[in-house]
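Trainee: If you count the sequence shown from 1, you need to add 58 to reach our numbering.
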Amino acid sequence: MRSMEERIGYRLYMMGFLGLVFTAVLCVFVFHKAFIKQAWHALENQTDLIAAICRDAPQELASLTPDGEIRLTLISPDGEVLYETATSQPMENHLSRPEIQQALRTGIGQDIRDSQTMGFETYYYAVQLEDGNILRAAQDAQSLWAIYDEALPAILLSCLLMMGIAALTAGFLTRSLIQPVLRMTDDLDHIQENVPYRELVPFAEAIHSDRVLRENNEKMRQEFTANVSHELKTPLTSISGYAELIETGLAKPEDMAQFGAKIHSEASRMIRLVNDILELSHLDGVRPEGEAVAMEQVDLLELAKECVERQKVNARHAYIALSYLGESAPVLGSRTLLEELCQNLCDNAIRYNRPGGKVQLMAGCTRDGHAYLTVRDNGIGIPKEAQSSVFERFYRVDKSRSKATGGTGLGLAIVKNIARIHNARIKLESEVNVGTTITVTFELAH
59 MRSMEERIGY RLYMMGFLGL VFTAVLCVFV FHKAFIKQAW HALENQTDLI
109 AAICRDAPQE LASLTPDGEI RLTLISPDGE VLYETATSQP MENHLSRPEI
159 QQALRTGIGQ DIRDSQTMGF ETYYYAVQLE DGNILRAAQD AQSLWAIYDE
209 ALPAILLSCL LMMGIAALTA GFLTRSLIQP VLRMTDDLDH IQENVPYREL
259 VPFAEAIHSD RVLRENNEKM RQEFTANVSH ELKTPLTSIS GYAELIETGL
309 AKPEDMAQFG AKIHSEASRM IRLVNDILEL SHLDGVRPEG EAVAMEQVDL
359 LELAKECVER QKVNARHAYI ALSYLGESAP VLGSRTLLEE LCQNLCDNAI
409 RYNRPGGKVQ LMAGCTRDGH AYLTVRDNGI GIPKEAQSSV FERFYRVDKS
459 RSKATGGTGL GLAIVKNIAR IHNARIKLES EVNVGTTITV TFELAH
């Protein structure tokens, strides 16, 4: 697997190489077109100059091209070659040559073709003289391309030099691009503050958020482990102590029933705690989209009614008046989880109330169609400073009262997770010695 530096360097190098090739081809094309145009222009000028000389001194024709780069041919109107500077041998009739025919028609003719006599690609330019004869000038392509032969080594050397410069530049640019990215990892705690490029801001923020989340999760895990250990240690110590008294025979016969009841009570408390921990562990793995739970249409009013029926014995033992009211409020959710949410809220309202108190469950829909479930009590209430923490795991406002009533400190944490799974909002209103109202508002049912 190639590194980012190698990939970027390779692409920069290829961009430079392709740009160099394209530029070279374009320059050669433009230069060749300009050179050909210039060659035609020069050939035309020379032919016109020679034609002017021939009118005054035809005998000077042979002396006009001593270097042999331009061949001159004098041709009669019927195509007979009267004079040729390149050879003294008789030549075939030239009447069929395109430039001759064009010159006979328009006075000027030109053509490019392979010369049958010289074996090169040749440029021909013909002009008709005043006496009717045609003067033709020819230049071999060998002369036109000679400049490329001379310039080819310089072109190749320049290309190689440019390729080397492109490779060095690509390497330098790649390192200058990658090094700031690599330096971002030097301080992961402040990575979002050391972002070299705007495009990397979401990436850095995601890393920082993930790091903070992991740290918070680790802290929560450690706190959760410590709390669980503490919560389990207390009833286990009690059970162990009472069991030791019975085992050693120090317990009086009349105390056996009391010790057994204590052991049973502490064991029941442990069972509730373990069940709540298992439930929280299960809920932590459930996504809010509800893919891991079966969703169905649930009426919150029916849920409240069933909850009141289940809790009426507990309410009677605590001398609490329990009731429900409202209207049909259908939501899309898990019936099992919503029943547990309602049971935990109702159980909390009864547990943290006073004899003669009231607990009321209400269900309905808001004006904008959101279903809600409200549990209201006139119990001991929650202090302002504690209201933001009551949904945390193992948090208790009054620890002595919680243990006396058998609370595990996980009920509202379970409520919070169930609400999260259903994308519901929780609102808490409470005043000390006045009461507490908790409202869970659900999203619109689809």
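Glycine included, every Cβ here is placed at the ideal spot set by N, Cα and C.
Nothing here was measured: the structure is a model prediction, and the numbers come from that model.
Can you give, in chain order, each stretch of the beta strand (DSSP E) that sits fully within the region 141-199 and has at least 3 residues?
Mentor: 166-172, 179-186, 192-198
Trainee: Going by the DSSP bridge assignment, what does Cys-423 pair with across the sheet?
Mentor: BP columns for Cys-423 point to Ala-429.
Trainee: Please classify Gln-96 as buried or exposed, where buried requires at least 16 other C-beta atoms within 10 Å of its C-beta.
Mentor: exposed
Trainee: Along the chain, where does the alpha helix (DSSP H) containing Gly-469 start, and where does it finish?
Mentor: 469-479
Trainee: Output needed for Leu-231: all residues of its chain with C-beta closer than 7 Å, excluding positions within five of it in sequence on either side, in chain order.
Mentor: Leu-70
Trainee: With distances taken between CB atoms, is the gap from Ile-408 to Ala-379 smaller than 8 Å?
Mentor: In this structure, the beta-carbon distance from Ile-408 to Ala-379 does not fall below 8 Å.
Trainee: Between Ile-128 and Gln-104, is the Cβ-Cβ spacing less than 8 Å?
Mentor: yes
Trainee: Verify whether the separation of the beta carbon atoms of Leu-415 and Gly-384 is less than 8 Å.
Mentor: The question names Leu, but residue 415 is Gly in the sequence shown. No, the pair does not count as a contact, with Cβ atoms beyond the cut-off.
Trainee: Strictly by DSSP, which residues pair up with Thr-497?
Mentor: Thr-432, Lys-485
Trainee: If you count every other CB in all the chains shown that lies within 10 Å of the CB of Thr-81, and 16 or more means buried, which is it?
Mentor: exposed
Trainee: Could you give the distance in angstroms between the alpha-carbon of Ser-392 and the alpha-carbon of Asp-268?
Mentor: 30 Å
Trainee: With a Cβ-Cβ cutoff of 8 Å, do Val-448 and Leu-431 count as a contact?
Mentor: no
Trainee: What separation, rounded to the nearest whole angstrom, lies between the Cα atoms of Ile-192 and Lys-91?
Mentor: 28 Å
Trainee: Which residue wins for smallest C-alpha separation from Leu-153, given the options Ser-134, Ala-144, Thr-145?
Mentor: Ser-134
Trainee: Taking its Cβ as the centre, do 16 or more other Cβ atoms sit within 10 Å of Tyr-255, making it buried, or is it exposed?
Mentor: exposed
Trainee: Is DSSP giving Pro-254 helix, strand or coil here?
Mentor: coil
Trainee: Please classify Tyr-183 as buried or exposed, where buried requires at least 16 neighbouring CB atoms within 10 angstroms.
Mentor: buried
Trainee: Within 10 angstroms of its Cβ, does Arg-439 collect 16 or more other Cβ (buried), or is it exposed?
Mentor: As written in the sequence, residue 439 is Gly, which differs from the Arg given in the question. Buried, since its Cβ has 16 or more Cβ neighbours within 10 Å.
Trainee: Rounded to a whole number of angstroms, what is the C-alpha to C-alpha distance between Leu-395 and Lys-363?
Mentor: 16 Å
Trainee: Note down the Cα distance separating Ala-387 from Lys-320, rounded to an integer number of angstroms.
Mentor: Roughly 43 Å separates the two Cα atoms.
Trainee: Are the beta-carbon atoms belonging to Asp-361 and Cys-400 less than 8 Å from one another?
Mentor: According to the sequence displayed, residue 361 carries Leu and not Asp. The answer is yes: Cβ separation under 8 Å.
Trainee: Could you pull the start and end residues of the alpha helix (DSSP H) that Glu-367 belongs to?
Mentor: Run containing Glu-367: 358-375, per the alpha helix (DSSP H) assignment.
Trainee: Can you give me the start and stop residues for the alpha helix (DSSP H) that Ala-407 sits inside?
Mentor: 393-409
Trainee: One question on the structure: do Gly-467 and Arg-451 come within less than 8 Å of each other, judged by their Cβ atoms?
Mentor: yes
Trainee: Counting only runs that start and end within the region 296-335, where is the beta strand (DSSP E) found for 3 or more residues in a row?
Mentor: none
Trainee: Quick check on Pro-293: buried or exposed, where buried means 16 or more other Cβ atoms within 10 Å of its Cβ?
Mentor: buried
Trainee: Which residues in the same chain have their Cβ closer than 8 Å to the Cβ of Met-353, if we skip the five residues on either side of it in sequence?
Mentor: Leu-390, Gly-391, Ser-392
Trainee: Mapping the DSSP letters down to three states, classify Val-259 as helix, strand or coil.
Mentor: helix
Trainee: What did DSSP end up calling Gly-384 once you bin it into helix, strand or coil?
Mentor: When DSSP states are grouped into helix, strand and coil, Gly-384 belongs to the strand group.
Trainee: Please return the same chain residues whose Cβ sits closer than 6 Å to the Cβ of Ile-484, not counting the five positions on each side in sequence.
Mentor: Ala-477, Val-498
Trainee: With DSSP as the reference, label Leu-235 as helix, strand or coil.
Mentor: helix
Trainee: Just to confirm my understanding: we take Gln-418, look at its own chain, exclude 5 residues before and 5 after, and list those with CB closer than 6 Å. What are they?
Mentor: Ser-381, Arg-434
Trainee: When we look at the beta-carbon of Asn-402 and count the other beta-carbons within 10 Å, is it buried (16 or more) or exposed?
Mentor: buried
Trainee: Going by DSSP, which residues form a beta bridge with Ala-379?
Mentor: Lys-416
Trainee: To which residues of the same chain is Pro-148 closer than 8 Å at the C-beta, ignoring the five residues directly before and after it?
Mentor: Val-139
Trainee: Could you tell me if Pro-124 is buried or exposed, where buried requires 16 or more neighbouring beta carbons within 10 angstroms of its beta carbon?
Mentor: Because Pro-124 sits at a pLDDT of 45, beneath the cut-off of 50, its placement in the model cannot be relied upon, and the following sentence gives the value as read from the coordinates. It is exposed - the Cβ of Pro-124 has fewer than 16 other Cβ atoms within 10 Å.
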